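Take 1 as the starting number for the sequence shown in this note's numbering and just add one per residue. All C-beta atoms in this analysis are idealised placements derived from N, C-alpha and C, irrespective of residue type, glycine included. Note that the coordinates shown come from a computational prediction; the quantities given were computed from them, not determined experimentally.
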Amino acid sequence: MAFKLPAQLATPGKLHHHCQFTITSSFIPLSWRSTLSPEPLLSLSTSFPSEKCNGKQLVTRSAIGTAEATGAVNLGPGTPVRPTTILVVGSTGTLGRQIVRRALDEGYDVRCLVRPRPAPADFLRDWGATVVNADLSKPETIPATMVGVHTVIDCATGRPEEPIKTVDWEGKVALIQCAKAMGIQKYVFYSIHNCDKHPEVPLMEIKYCTEKFLQDSGLTHVIIRLCGFMQGLIGQYAVPILEEKSVWGTDAPTRIAYMDTQDIARLTLVALRNEKCNGKLLTFAGPRAWTTQEVITLCERLAGQDANVTTVPVSVLKIHSPVDSVF
1 MAFKLPAQLA
11 TPGKLHHHCQ
21 FTITSSFIPL
31 SWRSTLSPEP
41 LLSLSTSFPS
51 EKCNGKQLVT
61 RSAIGTAEAT
71 GAVNLGPGTP
81 VRPTTILVVG
91 STGTLGRQIV
101 RRALDEGYDV
111 RCLVRPRPAP
121 ADFLRDWGAT
131 VVNADLSKPE
141 TIPATMVGVH
151 TVIDCATGRP
161 EEPIKTVDWE
171 GKVALIQCAK
181 AMGIQKYVFY
191 SIHNCDKHPE
201 VPLMEIKYCT
211 EKFLQDSGLT
221 HVIIRLCGFM
231 QGLIGQYAVP
241 ILEEKSVWGT
251 DAPTRIAYMD
261 TQDIARLTLV
271 ALRNEKCNGK
281 LLTFAGPRAW
291 TTQEVITLCE
301 RLAGQDANVT
311 TVPVSVLKIH
321 SPVDSVF
């Protein structure tokens, strides 16, 4: 099945191969909750560069309607906001919580966007952050969370049970559009290392096209590509080996330079303060790159027992590793 951009966002004959996703039959074709408008309410061009992905102006009416109803949208010069005021999207995740913790420690005024639900976000309040409820799959809930915010740090990703397009594609488009409309001064987006080289992996393909979408939005931005999280290895390998469960392995020489999410958070705030990073595409990587077999061998040594390894083709690991090891 071909996984394509909506027809209204693709110029015939110019669609770059990186904006056509080759995926398994279990995925559903993209269908953005958006519409073309001859007089867009958003002063935002969503067209991709001609050599990559072409498109036309896009407007998410539900998001704009809510913003207008609350009087929050001001496309002209408004009241300056403090540069230390940030909104962290995906703040309960593996990386997001470290961003929140580090930013609070460094004196930032942190607002956390979380889906409406009880207890799981309580620890963020305990740390001193402000928690606001919104859902990227419901664009009309987003604008109010950005009032008085200077910087958006986007480290959100969809839940495993959700269609990949819901948050990582449609939700991010709505988030970027709202950031533009609300006058956000800087937008930090996390992507995946080498996402431009693996169009066969749906999440990596979406990350690449989202990079292009953000670059063409007019927002001051920093894009950070990540290789993988050290923390992700705990659930993927360490715990299953300790519990004598099967783990995936491969003999392929592919290496991943995993990083601790605390280091990623620290470097993110360094990049945030450095004006020279504006508009840049950065890659964060650990000091050593590991093969899957090396990770398994290390876990075996630390656990004092052999792993039950199921060898799978490297193509399968490519599909799952970006989801399991990043975000």
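Bounding residues of the alpha helix (DSSP H) (the contiguous stretch that carries residue i)
| i | result |
| --- | --- |
| residue 208 | 202 to 215 |
| residue 311 | First-last for residue 311: 308 to 311, but that is the beta strand (DSSP E), not the alpha helix (DSSP H). |
| residue 99 | 96 to 105 |
| residue 232 | 230 to 233 |
For residue i, three-class secondary structure by DSSP
| i | result |
| --- | --- |
| residue 304 | coil |
| residue 279 | coil |
| residue 195 | helix |
| residue 225 | strand |
| residue 242 | helix |
| residue 184 | coil |
| residue 258 | coil |
| residue 247 | strand |
Rounded separation between residue i and residue j - CA only
| i | j | result |
| --- | --- | --- |
| residue 83 | residue 241 | 45 Å |
| residue 275 | residue 114 | 28 Å |
| residue 304 | residue 260 | 24 Å |
| residue 310 | residue 295 | 14 Å |
| residue 133 | residue 122 | 13 Å |
| residue 85 | residue 195 | 30 Å |
| residue 207 | residue 126 | 32 Å |
| residue 226 | residue 288 | 14 Å |
| residue 156 | residue 92 | 9 Å |
| residue 89 | residue 254 | 31 Å |
| residue 313 | residue 145 | 43 Å |
| residue 148 | residue 81 | 6 Å |
| residue 272 | residue 248 | 37 Å |
| residue 98 | residue 244 | 30 Å |
| residue 252 | residue 297 | 15 Å |
| residue 171 | residue 212 | 15 Å |
Enclosing beta strand (DSSP E) for residue i [first to last residue]
| i | result |
| --- | --- |
| residue 87 | 85 to 89 |
Rounded Cβ spacing between residue i and residue j (contact assumed at less than 8 Å)
| i | j | result |
| --- | --- | --- |
| residue 103 | residue 269 | 6 Å |
| residue 95 | residue 190 | 7 Å |
| residue 282 | residue 192 | Not a contact, Cβ separation roughly 13 Å. |
| residue 186 | residue 210 | The pair is not a contact, with the Cβ atoms about 17 Å apart (cut-off 8 Å). |
Original post:
If you scan the segment 109 to 178 from start to end, which runs of the alpha helix (DSSP H) of 4 or more residues do you find wholly inside it?
Top reply: 122 to 127
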